[in-house]
Amino acid sequence: MSIIGIVAVAENYAIGKDGRLPWHYPADLKHFKETTSGHAVVMGMNTWRSLGKPLPNRLNIVLSRSAQIDRAENLIFLRSEKEAIDLAKFLRCDLFVIGGQKTYAEFAELIEAWIVTKVPQTVDDADVFMPEDFLNGFSSVETRSLSDALRVETFRR
Ligand SMILES: NC(=O)c1ccc[n+]([C@@H]2O[C@H](COP(=O)([O-])OP(=O)(O)OC[C@H]3O[C@@H](n4cnc5c(N)ncnc54)[C@H](OP(=O)(O)O)[C@@H]3O)[C@@H](O)[C@H]2O)c1
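Each residue of the sequence shown is one higher than the last, beginning at 5 in the working numbering.
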C-alpha cells in the first residue's frame, strides 16, 4: 500500500480558484483518470463539493470533521486522515491523495510519492496553492509528456 499525492500545479504553485480548477486540460483529466482508476482516492470536503459526484471506478473517500453528505455508490465518508490510511491498509490498495490545498497539507508528511502535472501558466488570482517546498526531500524518477503543453513528473521520497 502506498500513499501517493497527485496534483496539477501552475508555475506560481496555484492549484485552484473559486473552488475549482483554474484551467481545463483534457489530457490531464485523462491522465488523472488512468492513474487513479481501480484505487482509492481521498479528498477534502471542498474538492468533493467541486466534483459533486463520486469519481467512477474508484473508492472515493471524502474527509470532513463535521459535514454530512448523501450516500452514493463508491463513496465513503471519514473524519480524519488516520481513518483513511487505516482503511487503505486494510484494503491493501494504494491511496491517492487528490486534494485540495488543506488535504494535501494534512497528508504531506505521509506522502511517499508525488505525481505532478506542470501547468504552463501563472494564475494571478488563485486562492489555493501548493507550498513552494512541497517536493523537498523528493527526487524526480520519471517525466513524460501528456500533450504539447503539459508534462507530468513523478517524485519519490
Ligand atoms: N490542481 C489540483 O490538482 C487540485 C486538486 C484538488 C483540488 N484542487 C482545488 O483545491 C481547492 C479546494 O482546496 P481546499 O484547500 O479549499 O479544500 P479541500 O482540501 O478540498 O477540503 C478541505 C476540507 O476537507 C476537510 N478535511 C481536510 N483534511 C481533513 C482531515 N485530515 N480530517 C478531516 N477533515 C479534513 C475539512 O472539511 P470540514 O471543514 O467540513 O471539516 C476541510 O475544511 C479547489 O479550488 C479545487 O479545485 C486542485
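All residues carry an ideal CB built from backbone N, CA and C; glycine is no exception.
Since we're looking at a predicted model, the values are computed, not measured.
| If P26 and V127 are in contact, beta carbons under 8 Å, what's the gap, nearest whole angstrom? | Rounded, the Cβ-Cβ distance is 5 Å, consistent with contact.
| task | Helix, strand or coil for T40, going by three-state DSSP, please let me know. | result | helix
| In whole angstroms, what is the alpha-carbon distance linking I73 and D22? | 21 Å
| query | What is the DSSP secondary structure of N50, counted as helix, strand or coil? | reply | helix
| field | Expected contact under 8 Å - CB spacing of K106 and E157 to nearest Å | value | About 23 Å separates the two Cβ atoms, so there is no contact after all.
| request: Keeping to the same chain, check which residues put their C-beta closer than 7 Å to that of S41; ignore five residues upstream and five downstream. | output: N61 and R62
| query | So what does A12 bridge to, in DSSP terms? | reply | T121
| said: Under 6 Å: does the beta carbon of I19 sit that close to some heavy atom of ligand 1? | reply: yes
| request: Confirm the yes/no value for this check: CB of N50, any heavy atom of ligand 1, distance under 6 Å. | output: yes
| Proximity winner among E85, R75 and F100, relative to K37 (alpha-carbon distances) | F100
| field | Rounded straight-line distance, which links the Cα of I80 to that of K57 | value | One C-alpha to the other measures close to 12 Å.
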